[in-house]
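The numbers in UniProt numbering rise by one with no breaks, and the one at position 86 of the sequence shown is 86. By construction, the Cβ of each residue, glycine as well, lies at the ideal position given by its N, Cα and C atoms. Report on one structure; see the data block that follows.
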Amino acid sequence: MNIFVGNLPFSIEEADLRESFEAYGTVDSVKIISDKFTGRSKGFGFVEMSNDDEGQKAIDELNGATVQSRNIVVNKSEPKPEGERRSFNNNRGGSGGGRSGGGYGDNRGSGGGYNRGGGRDY
């Protein structure tokens with residue numbers, strides 16, 4: 001069972017989260033999600049437990065529990081259907097690039113490299 005854990009304190013570490021869930025059964029993996037640029041925790045993560053009964057017991061007991069002065073959110077993680085995923089590459093491709101007026105930003109023309117010329121000077 002894949003379990004979502006939210007509203008985590010930014011200082012909590014994966015070992016601490018693992019320890020909290022191991023009180024309810026065997027923990028297969030723990031992953032706290034962090035910002036790829038800063039490395040700072042985003043305040044949520046996932047815990048994988050192979051036994052669904054143990055996972056449900058952990059959810060029941062830990063949802064709303066206080067961890068370092070924060071009430072954490074714990075629930076079963078369900079994957080999003082493929083059609084509901086958002087793309088963040090909306091401005092890629094095509095001529096003109098990301099903004100009207102073209103020539104600055106991510107103007108990749110018909111899929112090529114960045115166009116660094118012809119745009120506004122900031």
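(message) Is it the case that the segment 31-39 contacts the segment 58-65, given that we only count it when at least three CB pairs across the two stretches are under 8 Å?
(response) Segments in contact, no.
(request) Please classify G39: is it buried, with 16 or more other beta-carbons within 10 angstroms of its beta-carbon, or exposed? (result) Sequence index remark: in the sequence shown, residue 39 carries index 39 (1-based). G39 comes out exposed.
(message) Looking at S77: is its Cβ nearer than 8 Å to the Cβ of I12?
(response) The sequence position of residue 77 within the sequence shown is 77, counting from 1. The sequence position of residue 12 within the sequence shown is 12, counting from 1. In this structure, I12 does not lie closer than 8 Å to S77 by Cβ.
(message) Here's a check: name, in chain order, each residue in its chain whose Cβ is nearer than 6 Å to the Cβ of K57, leaving out the five neighbours to either side.
(response) Here residue 57 corresponds to residue number 57 of the sequence shown, with the count starting at 1. Here the set comprises Y24.
(request) Using alpha carbons as the reference points, say which of S69, G55, M1 and P81 lies closest to F10. (result) Position 10 of the sequence shown holds residue 10. When each option's Cα is compared against that of F10, the closest is S69.
(message) Short of 6 Å in beta carbon distance, which residues of its chain neighbour S41, apart from the five on each side in sequence? Order them along the chain.
(response) Counting from one through the sequence shown, the residue named residue 41 turns up at place 41. Result list for S41: F10, I32 and S34, in chain order.
(message) For a minimum of 4 consecutive residues, which ranges assigned as the alpha helix (DSSP H) are wholly contained in the segment 12-99?
(response) Assignment of alpha helix (DSSP H) within the segment 12-99, counting only whole runs of 4 or more residues, yields 14-22 and 52-62 in chain order.
(request) Classify S50 as buried or exposed, calling it buried when 16 or more other Cβ atoms lie within 10 Å of its own Cβ. (result) In the sequence shown, residue 50 corresponds to position 50, counting from 1. The Cβ neighbour count for S50, taken over all protein chains shown within 10 Å, is under 16; the residue is labelled exposed.
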